[in-house]
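Residue numbers (UniProt numbering): 1 to 76.
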């Protein structure tokens, strides 16, 4: 990051952490938070939606959710 840049991040709780704000501010940058759940402004949300749906579909096939997630990650 360079001074005077704007860091655009979503509103997940750990992004609002004081340490994050201090670190970004310490290099002369400012933060712009995206509106809460704004998939059109944060394209990764579309992928998370698809991944969550696939996890729901295959969860019944596995004993543990972590195994289901591991199985799906092979296809990403």
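The beta carbon of each residue, even a glycine, is placed where N, CA and C say it ideally should be.
Fair warning: this is a prediction, and the values are worked out from it, not measured in the lab.
Identified DSSP bridge partners for residue i
| i | result |
| --- | --- |
| residue 69 | Paired residue(s): none; residue 69 is not in a bridge. |
| residue 32 | 8 |
Contact check, residue i vs residue j, beta carbons under 9 Å
| i | j | result |
| --- | --- | --- |
| residue 95 | residue 1 | Nothing in the structure corresponds to residue 95, since the chain is present only between 1 and 76. |
| residue 7 | residue 30 | yes |
| residue 41 | residue 9 | no |
| residue 58 | residue 46 | no |
Member of the options whose CA lies at the smallest distance from the CA of residue i
| i | options | result |
| --- | --- | --- |
| residue 12 | 58, 75 and 36 | 36 |
| residue 54 | 24, 15, 68 and 16 | 68 |
| residue 25 | 43, 44 and 5 | 5 |
The alpha helix (DSSP H) enclosing residue i, as first and last residue numbers
| i | result |
| --- | --- |
| residue 23 | 18 to 26 |
| residue 56 | 44 to 58 |
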